[in-house]
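**Student:** Each position in the sequence shown, counted from 1, maps to that position plus 22 in our numbering.
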Amino acid sequence: MGDGWTYTYDADKIRGFKQTHQPSPWINDYGQFSIMAQTGDPIFDEDQRASWFAHKAETATPYYYQVYLADYDVVTELVPTSRATLFRFTFPENKQSNIIIDAFDNGSYVKVIPSQNKVIGYTTKNSGGVPDNFKNYFVIEFDKPFKLAKGVNDKELTSALENTSNHSGAILSFETKRGEQVYARVASSFISFDQAQLNLKELGNNSIEELREESKAIWNDILGRIEVEDDNIDNLRTFYSSLYRSVLFPRSFYEYDAAGQVVHYSPYSGEVLPGYMFTDTGFWDTFRSLFPLLNLVYPSENLKIQEGLANTFKESGFLPEWASPGHRDCMIGNNSASIVADAYIKGVKSDQINVLWDAVVHGANAVHPEISSTGRKGFEYYNKLGYVPYDTGINENAARTLEYAYNDWCIYELGKALGKSKKELKPFKERAMNYKNLYDKETKLMRGKNKDGSFQSPFNPLKWGDAFTEGNSWHYTWSVFHDPQGLIDLMGGKKDFVAMLDSVFSVPPSFDESYYGAVIHEIREMQVMNMGNYAHGNQPIQHMIYLYNYGGEPWKAQYWNREVMDRLYTANPDGYCGDEDNGQTSAWYVFSALGFYPVNPGSDQYVIGTPLFEKVKIHLENGKEVELKSSNTDYCYIDEIKLNGKEYNNNFFTHQEFLNGAKIDYIMSEKPNKTRGTLDENAPYSFSKQK
Ligand code: CA
C-alpha cells in the first residue's frame, strides 16, 4: 500500500524526494518525478542541488518521513496516502526559498499556474514494459503564492511557464521568514490530470498531524496482523522490517473514478478500463513465499490481485511473469501458474477463476511474441522432448525445465480443484515429472541436456548462469518443489539425499562466473558468508534447508534455518543478505521466524523449521487466530510440538489447521531430538507419493 516516496541520494546527499513505484530504484523505474527544497539562487541540476543530510537527523517510518536538508537549513516532512502525499517544508529566513519540480528525462511536461498556486505535469520516463501513451500525471498545489516562478526546458531555466521537452521542470520561489512553513499537496495518476486532481482528495482537509495519525493506524493494522512478543528487540526490528517490505508488493495500479468505481490504466493496452490492476512483482521471486504470505495473512488483498491477473490476460493475452508496469523481459519460468493455483487451493477463490484457468493453460503452451519471458520460451521443445535443450540457443534451459515441471504440477492441481477432466489434465500431470529428465546420476545433480539426449559437456556444477538462472546446479537441483520424494528416489534414498543437502554447506564457496563475464553481486554475497555454496542472497535455494524434513532429518532444517536467520539478517543498515527482490527475501524471514515455510506453493502445507519468538499471534481475516508459543528461543532444536494441546509429529502444518484457529506449542531443546518427525508418514507432501 501507500505511495512510494524515497529520496535519491549519492553518498550522504539528498537530490530530491522522488515518487517511485518501488522503494529501491531497481527495475521499476518508470514514471518518476521529484520534489526538492532549496534556498538561494535556484539550481536545477540533480547533483548540484543535492544537500548533505544525516540519518541521525531524520525520522523514517512507513507513514511519515522527516529530514533536515543541511545545506539549505530546510526541514522536509511528508505523509503519504495511497495516491497522494502532503509535504511540509520549514524554511529559514530567506528572500528566495525554492521548490524544484523535476519531471526527469525521456520526455516530460510541466506547467506552472501561478493564479492557482499550482503546478501540473507528467513524466513518461520508463525503461520498457509500457504502451506508447504511458504517462504519470501529477498535480501539486501550494498554500502560498509564488514570489517568482520559472520553467525548465531541456534542463535549462526559462521564463516560459509551460514546457514540453526531453527534461522539463519548474522552480517556484517564496520569500520566507525563519520557521515559515510551506505546504505542497501532491497527487499522481496514470490515467489523466483530472484523475490526479481526484486522487488529491485522499488528503481531504486534514493537517499533516491528522494524516500522520490516520496513516499510522493503517500501518498498525496491517503490520499488527502478526503480533510478536519477544525480549530480543533486534529480532523484532528485523521481523517487522521484513513484514513491512513484504506488504509493499505487488503495488496497486488502480484508481477510483469520480463515481467511486475501480478503474485502471492498462500498462498492456494503453486503455483506461474498469477493475483492478496490480504491478511491480517478479513472479520468479515472489511465488516462493511472498504470495503464500498474502494467502495466509492478507487473502482479501490477493483476491483483488487475482482479478488484476485476469484483467492482464484479457488485456494482453498472457498472465504476467514480471510486471513493471506491463510485461517486462526479465527472468524465466511460468510461475504465474503457481500464483493462481496457490491462491485458489488456499481458498482465495476469484470469480474470475475460469478466465485464470484459460490463462494458465494458454501460457503453458505459448510464448509472448515480443516478451519472451512471458509464457514459456522453448515450450515446443519442452512439450516434445520433456526438457528445454541446452544446445538450441535458449538461455537458462535447465532452470526453465525445472520450473515448467513445477508449474505443470500447479496447473494439474488447480485443474483437479476445478473438476477438469482427466484427459485435459493428463499433459500437465505427465510433464510435472519432467524434472527427472535433467537428473545426472554421475554428479547427483541437475544438468543441462542436449537435443539428442546427451548431457551438456563440459559441465561444471559451480558455474553460475548458463543452463541455470542466477545460480548454479548446486542451487537449482532442489527446484523440485512438488516432489522432493521423487528427487530422494533419484539420488538413491534419504541418506544420499541428506548427504547432498549437507554438501551444499561443505562445498567451498568456489564459483565460475564466466557466463556473466564478471562476479555478479549474487555470487559475492554467497562467497563472503562462510556457508559454502549456500546462496541465500538470491532466491533459487531459499527453500532448500526445509528439504531436510523430507529426508527424515528435521533437526538439520532447524539448525540451518536458525543460522540463516541469525547470520544473514540483521537489524542494521545492510541488514539484508542480498537481493530483497519484491518482498521475497523478507517473506522468507517472516515465515521462517514463525517456524514454518511454504516449500511447495500450490499444496496446502507449511513445512516446519524453527521458531524464533517466544509468543506470536497471527490474526487471520476469517476472525480466527494462530497462536504460537516457544518454550525457549535460545535453542533452535524442536523436542516436541503440541497442536491444540495434543502431541503433533508431522513435519508440516496445513493451511486448514491454521484457518480453523490453532494453538501451537514448540517445546525446544538444547540438543536435537533425532526421533521426532522422522517417519515417512511425518514427511511433507511429495507428488510421487500420492495415490
Ligand atoms: Ca534475485
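Where is the CB? At the ideal position from N, CA and C, for every residue including glycine.
If I measure Cβ to Cβ from residue 194 and keep anything under 6 Å in the same chain, skipping five residues before and after, which residues do I get?
**Tutor:** Against the sequence shown, residue 194 aligns to sequence position 172. If we look at residue 194 and ignore the five residues flanking it on each side, its Cβ neighbours are 121, 168 and 171.
**Student:** Go through the stretch 433-457 residue by residue and report every complete run of the alpha helix (DSSP H) that reaches 4 residues or more, in order.
**Tutor:** The stretch 433-457 contains these whole alpha helix (DSSP H) runs: 444-453.
**Student:** Classify residue 618 as helix, strand or coil using the three-state DSSP reduction.
**Tutor:** Position 596 of the sequence shown holds residue 618. Of the three classes helix, strand and coil, the one that applies to residue 618 here is strand, per DSSP.
**Student:** Can you list, in chain order, every residue whose CB sits closer than 7 Å to a heavy atom of ligand 1?
**Tutor:** Residues with a Cβ closer than 7 Å to any heavy atom of ligand 1, in chain order: 307, 492, 544, 560, 561, 601 and 603.
**Student:** Whole angstroms is fine: what's the gap from residue 354's alpha carbon to residue 95's?
**Tutor:** The residue labelled residue 354 in the question sits at position 332 within the sequence shown. The residue labelled residue 95 in the question sits at position 73 within the sequence shown. In a straight line, the C-alpha of residue 354 is about 48 Å away from that of residue 95.
**Student:** Residue 311 and residue 611: beta carbons closer than 7 Å?
**Tutor:** For the purposes of this step, residue 311 is taken as the residue at position 289 of the sequence shown. For the purposes of this step, residue 611 is taken as the residue at position 589 of the sequence shown. For residue 311 and residue 611, no; Cβs fall outside 7 Å.
**Student:** With contact counted as at least three CB pairs below 8 Å, one residue from each stretch, are the stretch 586-598 and the stretch 525-536 in contact?
**Tutor:** Not touching, per the Cβ criterion.
**Student:** How would you label residue 431, buried or exposed, when you count the other beta carbons within 10 angstroms and need 16 or more for buried?
**Tutor:** Residue 431 sits at position 409 when you count from the first residue of the sequence shown. Classification for residue 431: buried.
**Student:** Quick check: the Cα distance between residue 17 and residue 143, rounded to an integer number of angstroms?
**Tutor:** Residue 17 is absent from the model: the chain starts at 23 and stops at 713.
**Student:** Specify the secondary structure class of residue 89 as computed by DSSP and reduced to three states.
**Tutor:** Within the sequence shown, numbered from 1, the residue matching residue 89 stands at position 67. If DSSP states are grouped into helix, strand and coil, residue 89 belongs with the strands.
**Student:** Can you give me the Cβ contacts of residue 97 inside the same chain, cut-off strictly under 6 Å, excluding the 5 residues immediately before and after it?
**Tutor:** Against the sequence shown, residue 97 aligns to sequence position 75. If we look at residue 97 and ignore the five residues flanking it on each side, its Cβ neighbours are 90 and 112.
**Student:** Do you know offhand how far residue 492's Cα is from residue 389's?
**Tutor:** Here residue 492 refers to the residue found at position 470 when the sequence shown is read from its first residue. Here residue 389 refers to the residue found at position 367 when the sequence shown is read from its first residue. Spanning the two alpha carbons is a distance of roughly 22 Å.
**Student:** Could you spell out where the beta strand (DSSP E) holding residue 72 opens and where it closes?
**Tutor:** In the sequence shown, counting from the first residue as 1, residue 72 sits at position 50. Residue 72 -> no beta strand (DSSP E), and no H or E assigned at all.
**Student:** With a cut-off of 8 Å on the beta carbons, I'd call residue 663 and residue 640 a contact; round off their distance for me.
**Tutor:** Along the sequence shown, read from residue 1 onward, the residue named residue 663 stands at position 641. Along the sequence shown, read from residue 1 onward, the residue named residue 640 stands at position 618. 16 Å between Cβ atoms; not a contact.
**Student:** By Cβ distance, which residues of its chain are closer than 6 Å to residue 116, with the 5 residues on each side in sequence left out?
**Tutor:** For the purposes of this step, residue 116 is taken as residue 94 along the sequence shown, with counting starting at 1. Cβ neighbours of residue 116 beyond the five flanking positions: 61 and 198.
**Student:** Is DSSP giving residue 476 helix, strand or coil here?
**Tutor:** The residue given as residue 476 occupies position 454 in the sequence shown. Coil at residue 476, not helix or strand.
**Student:** For residue 155, count neighbouring Cβ atoms within 10 angstroms of its own Cβ and tell me buried if that reaches 16, exposed if not.
**Tutor:** Locating residue 155 in the sequence shown gives position 133, where the first residue counts as 1. Residue 155 comes out exposed.
**Student:** Could you tell me whether the Cβ atoms of residue 55 and residue 145 are closer together than 7 Å?
**Tutor:** Translated into the one-based positions of the sequence shown, residue 55 becomes position 33. Translated into the one-based positions of the sequence shown, residue 145 becomes position 123. Against a cut-off of 7 Å, the Cβ pair of residue 145 and residue 55 comes out as a contact.
**Student:** Measuring CA to CA, which of 674, 565, 233 and 425 is closest to residue 100?
**Tutor:** Counted from its first residue, the sequence shown places residue 100 at position 78. Selected option, being the one with the closest Cα: 233.
**Student:** Judging by CA-CA distance, which residue of 126, 615, 278 and 643 is the nearest neighbour of residue 635?
**Tutor:** Along the sequence shown, one-based indexing puts residue 635 at 613. Of 126, 615, 278 and 643, the residue nearest in Cα terms is 615.
**Student:** Going by other Cβ atoms of all chains shown within 10 Å of its Cβ, with 16 needed for buried, is residue 589 buried or exposed?
**Tutor:** Within the sequence shown, numbered from 1, the residue matching residue 589 stands at position 567. Flag for residue 589 reads exposed.
**Student:** Flag this pair as yes or no: are the beta carbons of residue 213 and residue 293 separated by less than 7 Å?
**Tutor:** Indexing the sequence shown from 1 puts residue 213 at position 191. Indexing the sequence shown from 1 puts residue 293 at position 271. No.
**Student:** Using the three-state DSSP reduction, which class does residue 47 fall into: helix, strand or coil?
**Tutor:** The residue given as residue 47 occupies position 25 in the sequence shown. Note that residue 47 has pLDDT 37, beneath the 50 cutoff, so the model's placement of it is unreliable and no number is given.
**Student:** Please name the residue or residues paired with residue 119 in a DSSP beta bridge.
**Tutor:** As a position in the sequence shown, residue 119 is number 97, starting the count at 1. BP columns for residue 119 point to 61 and 196.
**Student:** Closest to residue 351 by C-alpha separation, out of 324, 149 and 404, would be which residue?
**Tutor:** Mapped onto the sequence shown, residue 351 falls at position 329. The residue with the shortest Cα to Cα distance from residue 351 is 149.
**Student:** Report all residues from its chain with a CB closer than 7 Å to the CB of residue 235; omit the five preceding and five following residues, and keep chain order.
**Tutor:** Here residue 235 is taken as the residue at index 213 of the sequence shown, counted from 1. Once the five neighbours on either side are set aside, residue 235 has no close Cβ partner at all.
**Student:** Do residue 133 and residue 68 have their C-beta atoms closer together than 7 Å?
**Tutor:** Position 111 of the sequence shown, counted from the first residue, corresponds to residue 133. Position 46 of the sequence shown, counted from the first residue, corresponds to residue 68. No, they are not a contact pair.
**Student:** So, are the CB atoms of residue 211 and residue 290 less than 7 Å apart?
**Tutor:** Position 189 of the sequence shown, counting from 1, holds the residue named residue 211. Position 268 of the sequence shown, counting from 1, holds the residue named residue 290. No, the pair does not count as a contact, with Cβ atoms beyond the cut-off.
**Student:** Let me confirm a value: residue 673 is counted as buried when at least 16 other C-beta atoms fall within 10 Å, else exposed. Which label applies?
**Tutor:** Counted from its first residue, the sequence shown places residue 673 at position 651. Classification of residue 673: buried, given that the 10 Å Cβ count is 16 or more.
**Student:** With H, G and I counted as helix, E and B as strand and the rest as coil, what does DSSP make of residue 308?
**Tutor:** Taking the sequence shown and counting its residues from 1, the one referred to as residue 308 is at position 286. Helix.
**Student:** Kindly indicate which three-state DSSP category residue 353 falls into: helix, strand or coil?
**Tutor:** Taking the first residue of the sequence shown as 1, we reach residue 353 at position 331. In the structure shown, residue 353 sits in coil (DSSP, three-state: anything other than H, G, I, E or B).
**Student:** For residue 507, which residues from the same chain have a beta carbon less than 6 Å from its beta carbon, with the 5 sequence-adjacent residues on both sides left out?
**Tutor:** Looking up residue 507 in the sequence shown gives position 485. Contacts found: 708, 710 and 711.
**Student:** Just checking my contact of residue 106 with residue 224 at CB under 8 Å: how many whole Å lie between their CB atoms?
**Tutor:** Working through the sequence shown from its first residue, we reach residue 106 at position 84. Working through the sequence shown from its first residue, we reach residue 224 at position 202. Yes, they are in contact, since the Cβ atoms of residue 106 and residue 224 sit about 4 Å apart, within 8 Å.
**Student:** Using a Cβ-Cβ cut-off of 7 Å, state whether residue 186 counts as contacting chain D.
**Tutor:** This model lacks chain D altogether, as it is built from one protein chain only.
**Student:** Expressed to the nearest angstrom, what Euclidean distance is found between the alpha-carbon atoms of residue 140 and residue 158?
**Tutor:** Mapped onto the sequence shown, residue 140 falls at position 118. Mapped onto the sequence shown, residue 158 falls at position 136. Approximately 17 Å, taken between the alpha carbons.
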